[in-house]
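Report on one structure; see the data block that follows.
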Amino acid sequence: MENDFNPFLERGYRSPVYFCDREDETKLLTDYIVNQTNVTLFAFRRLGKTGLIKHIFHKLRSDKNRVCIYLDIYDTVDKSEFINKLATAIYTAFPPKNSLGKKIGQAIQSFRPVISFDELTGLPSVTIAATQTTQQNNTIAGLFTFLDQQSIKIVFAIDEFQQILSYPEKNMEAVLRTQVQQLQNTSFIFCGSNQLQMHEIFNSAKRPFFASCTSLNLTRIEEKKYKLFITKLFKKYDKSITENAVSFICNWTRRHTFYTQYLCNQTFVKSGNNITEENVKEVASGILQVQEGKFYQYRKLLTKAQWKLLTAIAKETQLTQPHAKTFISTYDLGSPSLVVRSLDALVKKEMVLHNIGVEKPYYEVYDKYLMRWMQSK
Ligand SMILES: Nc1ncnc2c1ncn2[C@@H]1O[C@H](COP(=O)(O)OP(=O)(O)OP(=O)(O)O)[C@@H](O)[C@H]1O
Ligand SMILES: [Mg+2]
């Protein structure tokens, strides 16, 4: 085993061994894929959307009649870059070893691409010079249609999908919606980390994607399952951890997956082989110390009123009634209209998450470490 090996991933996906639960969601999403139902995956940031997609694609690897293509468009700024990402993802998914791969390679060649290879990773990158709108739309349609006509099923997962809203070309949603509607053997999973924008695309009656997909809301991993996963994974690497320590991890990070994983990751590195609650608390406090600089940066970027409200929300942990008189007066937050404006800004800036997918909607500070730091002040 490598020395720096850590079973608690702070990013990416490795294999089912390092992935906790999500059994129901995996089954549901796999069924949707098999039935060719298009899906939008909603969840607040850093809860495990990308991980879940990778997990499902990993499971579907053995299905030789289906090819899963993952596309992260976060760093694309316009339609032309989207096309390059799409072409690269397709090119990568079909290595030219077999006849289908060759055929797809030839189809991509017909768009006169430049194919280059990264010097370090050896990964290919396809650039297609399409500048005119018609030419671009034809390329998108051409790539999707060609694949759709082969004797296989295709699944596209487009991650950070809200990025298309920032393209200068305003018809991107309509162009893609047309494709999604017309393809026979292709299904889509759309997912994105900006919930406001994702809701705008899929739940706004005025927009092309409205009512076009089934939505799946990802929530926190169940407490019992997460605790068992953590205990077992430490044990697998010959580390014991007390029940109290595991409870502390889950509670302190509120089972917000990234924050839970990272605390486990750091505990794994720093806490020896018999881990107690005290050990975990030390690690947690170390994380807050390291991140303090970032927290002060946040404070600089927010107005005084926003920072004050953010602190108040942190102290409440979960806030259901931000406009209640007692809340406003307890934390001396000024006029109700100022609270409304500040809260709106904090949600837009994704400093605060607004969970509306539960019986009693609530607000919570996004970054669990920032939340705990504010509580300790
Ligand atoms: N079920 C899981 N079991 C263990 N680790 C997980 C699980 N789901 C996600 N993770 C880990 O949690 C972290 C955040 O997950 P991921 O990147 O999938 O979230 P995301 O919702 O896509 O985030 P973002 O909104 O920033 O795109 C990653 O380190 C990932 O490895
Ligand atoms: Mg993601």
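Position 255 (the sequence shown) corresponds to 255 in our numbering; numbering is contiguous. Idealized CB from N, CA, C, for every residue including glycine. Bear in mind the structure is a predicted one, so any value in this text is a computation, not a measurement.
1. If you compare alpha carbons, which of S240, Y13, K27 and R372 is closest to G286?
2. Considering only residues of the segment 242-303, which uninterrupted beta strand (DSSP E) runs meet the minimum length of 3 residues and lie entirely inside it, listed in chain order?
3. For P322, is the classification buried or exposed, using 16 other Cβ atoms within 10 angstroms of its Cβ as the cut-off for buried?
4. Cβ of S193 within 6 Å of any heavy atom in ligand 1?
5. So, helix, strand or coil for V34, using DSSP?
6. Can you tell me whether R61 is buried or exposed, with buried defined as 16 or more other CB within 10 angstroms of its CB?
7. Could you tell me which residues DSSP pairs with F42 in its beta bridges?
8. Under 7 Å, do L370 and F268 count as touching if we go by C-beta distance?
9. Closer than 6 Å to a non-hydrogen atom of ligand 2 - does that hold for the CB of T40?
10. Where does the unbroken alpha helix (DSSP H) through H58 begin, and where does it stop?
11. What separation, rounded to the nearest whole angstrom, lies between the Cα atoms of K79 and I128?
12. Would you list the one or two residues that DSSP bridges to E364?
13. Given the structure, does K49 come close to ligand 2, in the sense that its CB is under 6 Å from one of the ligand's heavy atoms?
14. Report the partner residues of I410 according to the DSSP bridge assignment.
15. On the premise that G192 lies in contact with F144, defined as a C-beta separation below 8 Å, what is that separation, rounded to the nearest angstrom?
16. Measuring only the C-alpha atoms, how far is Q318 from N279?
17. Reducing DSSP to helix, strand and coil, say where F202 ends up.
18. Quick one: give me the first and last residue of the beta strand (DSSP E) that F146 is part of.
19. Would you be able to state if there are at least three C-beta pairs under 8 Å between the segment 65-79 and the segment 153-160?
20. Under 8 Å Cβ to Cβ from E350, same chain only, skipping five residues before and after it: list those, please.
21. Quick check: what's the CA-CA separation for T134 versus I90?
22. Taking the beta carbon of P96 as the centre, do at least 16 other beta carbons fall within 10 Å, making it buried, or is it exposed?
23. Can you grab the Cα-Cα spacing for the pair S247 / K227, in whole Å?
24. Starting from the Cα of E184, find the closest Cα among N38, S116, N274 and I201 and give me that residue.
25. Rounded to the nearest angstrom, what separates C20 and K64 at their Cα positions?
26. Taking the alpha carbon of H55 as the reference point, which residue from L28, T88 and N35 has its own alpha carbon closest?
27. How big is the Cα-Cα spacing for T257 and G272?
28. Confirm the yes/no value for this check: CB of R401, any heavy atom of ligand 1, distance under 6 Å.
29. Quick one: is the Cβ of Q261 within less than 6 Å of any heavy atom of ligand 1?
30. Do you know how far the Cα of Y259 is from the Cα of F117?
31. Would you identify the three-state DSSP class for D24, choosing helix, strand or coil?
Short version:
1. Ranking S240, Y13, K27 and R372 by Cα distance to G286 puts R372 first.
2. Runs of the beta strand (DSSP E) inside the segment 242-303: none found.
3. Buried, because 16 or more other Cβ atoms sit within 10 Å of the Cβ of P322.
4. Within the cutoff, so yes.
5. Reduced to three states, the DSSP call for V34 is helix.
6. Residue environment for R61: exposed (fewer than 16 other C-beta atoms within 10 angstroms of its C-beta).
7. For F42, which the question treats as bridged, DSSP gives the partners N217.
8. For L370 and F268, no; Cβs fall outside 7 Å.
9. With a cut-off of 6 Å, the C-beta of T40 is classified as distant from ligand 2, since no heavy atom of the ligand falls inside that distance.
10. K49 to L60 is the span of the alpha helix (DSSP H), which, as asked, contains H58.
11. One Cα belongs to K79, the other to I128, and the distance between them is close to 11 Å.
12. E364 pairs with L353.
13. For K49, the shortest C-beta to heavy atom distance toward ligand 2 is below 6 Å.
14. This structure cannot speak to residue 410, because the chain is shown only from 1 to 377.
15. Contact between F144 and G192 is ruled out by a C-beta separation of about 20 Å, above the 8 Å threshold.
16. In a straight line, the C-alpha of Q318 is about 26 Å away from that of N279.
17. DSSP places F202 within a helical segment (H, G or I) once states are collapsed to three.
18. Note, F146: premise wrong, no beta strand (DSSP E); alpha helix (DSSP H) at T133 to D148.
19. As far as the Cβ criterion goes, the segment 153-160 touches the segment 65-79, which means the pair count is three or higher.
20. Excluding sequence neighbours, E350 sits near R45, N194 and Y366.
21. Computed Cα separation, rounded: 21 Å.
22. The residue in question, P96, is exposed, as its Cβ has fewer than 16 Cβ neighbours within 10 Å.
23. The alpha-carbon atoms of S247 and K227 are separated by roughly 7 Å.
24. In the sequence as displayed, the identity of residue 184 is Gln instead of Glu. Taking only the C-alpha atoms, the option nearest Q184 is N38.
25. Rounded to the nearest angstrom, the two C-alpha atoms are 26 Å apart.
26. Taking only the C-alpha atoms, the option nearest H55 is L28.
27. Roughly 23 Å separates the two Cα atoms.
28. The question about residue 401 has no answer, for the chain in this structure spans 1 to 377.
29. Yes; taking the cut-off as 6 Å, the Cβ of Q261 has a heavy atom of ligand 1 nearer than that.
30. Their backbone Cα atoms lie some 35 Å apart in a straight line.
31. Look at D24 here: in three-state DSSP terms it is helix.
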